[in-house]
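Accompanying notes for the structure given below.
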Amino acid sequence: MPGQNTLFERFLAPFFSTFLLDEQALRRLKESVDWQQETERLQRSDLEYPNYYRTSPFHGIKDGYLTADAAVTYDPITQYVLPPGEAIVRQALIDAVQVSPQRILDLACGTGSITLMLKQAFPQAEVIGIDLSPYMLFMAERKAKQANQQIQFLHLDAARTELAEASFDLITAALLLHETPPAVSQSILHESYRLLKTGGEMLILDGNQQTLRSTPWLTEIFEEPYIKAYADGSLDSWMGRAGFGRVQTSTLWWIHQITRGVKPLDDSAAVVNQETVNQEHLPDAFQPA
Ligand SMILES: C[S@@+](CC[C@H](N)C(=O)[O-])C[C@H]1O[C@@H](n2cnc3c(N)ncnc32)[C@H](O)[C@@H]1O
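So our numbering is basically just the index in the sequence shown, starting at one, shifted up by 3.
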């Protein structure tokens, strides 16, 4: 059962709170914000949260990302969980960009770490970050303001953004797809394909599926309800199904991977692949939560 008896709950959480987190500073930060006012300002009242998002206690935090606690602790914890170092791993995604983007969309931007790096790497580009959590969006907005960078943060579902078709040159998704049920991941990839211009590029940074498959204890450490389904899948074939061409996955420091795909000139493959997905009988793990 989530919230009980996991390695994270038994060993890592107490270790984090005793040695690695400045709990008083986090409390001060949390208390300095009028969360109700800020989240009301940022959230879209007509946005419907997908089922998996409301019901999954990601990382063991009750109510998942829809809390101030999740938002203020995210960066202090994340700096310790991306070996060999958060900055190195995130920079690898930026270095993997091959297009010269005018418009960039960062899906599930969280506290905006990658969004900010994208804006700094491509200062002329218009950069938009979207996320389902207005709490995370608040932290992202705060970080961008502190860095004096103009970035738009929007409260949107990556699986159905309602943003204009063929309007982005680059779409990124960092540390998202190990947290979504595979059917949702597939929808997110289809939506990304729709949003990209022809020749546009999608880059995904996430856990290395092959490593996770062959190292089960890794999938047990953190309370991620869909990480086993993610590990059992193949981002390459999910990207192919969504219509992407030139799909390629590179292993990064054994534990991470970067997957790249391009929206090809001839996108008839996407239509065929979408139909195949619709007609297929998907195994249980692929059914929407
Ligand atoms: C592990 S965090 C990653 C955040 C950020 N990309 C990073 O690199 O640190 C996962 C984020 O995905 C967001 N999320 C999950 N499902 C989403 C969806 N369908 N649409 C938009 N955001 C989503 C969560 O709110 C959370 O902020």
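Ideal Cβ positions, reconstructed from N, Cα and C, are used throughout, including at glycine. Every value quoted in this text rests on a predicted model; they were computed, and no experiment measured them.
Self-check item: residue 194 versus residue 150: straight-line alpha-carbon distance, rounded
Solution: 30 Å
Quiz item: Between which two residues does the beta strand (DSSP E) harbouring residue 204 extend?
Solution: 199 to 210
Self-check item: Whole-angstrom distance between residue 197 and residue 28, CA atom to CA atom
Solution: 42 Å
Quiz prompt | Rounded straight-line distance, which links the Cα of residue 258 to that of residue 32 | solution = 32 Å
Quiz item: For residue 122, is the classification buried or exposed, using 16 other Cβ atoms within 10 angstroms of its Cβ as the cut-off for buried?
Solution: buried
Self-check item: Residue span of the alpha helix (DSSP H) that contains residue 129, given as start and end
Solution: It is not in any alpha helix (DSSP H) - residue 129 instead sits in the beta strand (DSSP E) that spans 129 to 134.
Quiz item: Can you check whether the CB of residue 234 is closer than 7 Å to the CB of residue 212?
Solution: yes
Quiz item: By a C-beta neighbour count over all protein chains shown, 10 Å radius and 16 as the cutoff for buried, is residue 279 buried or exposed?
Solution: In this predicted model, residue 279 has a pLDDT of only 45, less than 50, meaning its place in the structure is not dependable; the value taken from the coordinates is given anyway. With fewer than 16 other Cβ atoms within 10 Å, it is exposed.
Quiz item: Name the DSSP bridge partner or partners of residue 109?
Solution: 132, 175
Quiz item: To which residues of the same chain is residue 159 closer than 6 Å at the C-beta, ignoring the five residues directly before and after it?
Solution: 133
Quiz item: If you drop the 5 nearest sequence neighbours on each side, which residues of the same chain put their C-beta closer than 8 Å to that of residue 45?
Solution: 137, 140, 141, 144, 156, 158
Self-check item: Whether residue 75 touches residue 85 by CB criterion (7 Å)
Solution: no
Quiz item: When you compare each of 106, 49, 237, 248 to residue 167 by their alpha carbons, which one comes out closest?
Solution: 106
Quiz item: From 229, 154, 56, 99, pick the residue whose C-alpha is nearest to that of residue 129; which is it?
Solution: 154
Self-check item: Among 187, 164, 204, 163, nearest to residue 174 - alpha-carbon criterion
Solution: 204
Practice problem: Output the boundary residues of the beta strand (DSSP E) element that contains residue 264. | Solution: 259 to 265
Quiz item: What's the call for residue 236, buried or exposed, on a 16-neighbour Cβ count within 10 Å?
Solution: buried
Quiz item: Does ligand 1 have even one heavy atom less than 6 Å from the beta-carbon of residue 233?
Solution: no
Quiz item: Is any heavy atom in ligand 1 found nearer than 6 Å to the beta carbon of residue 113?
Solution: yes
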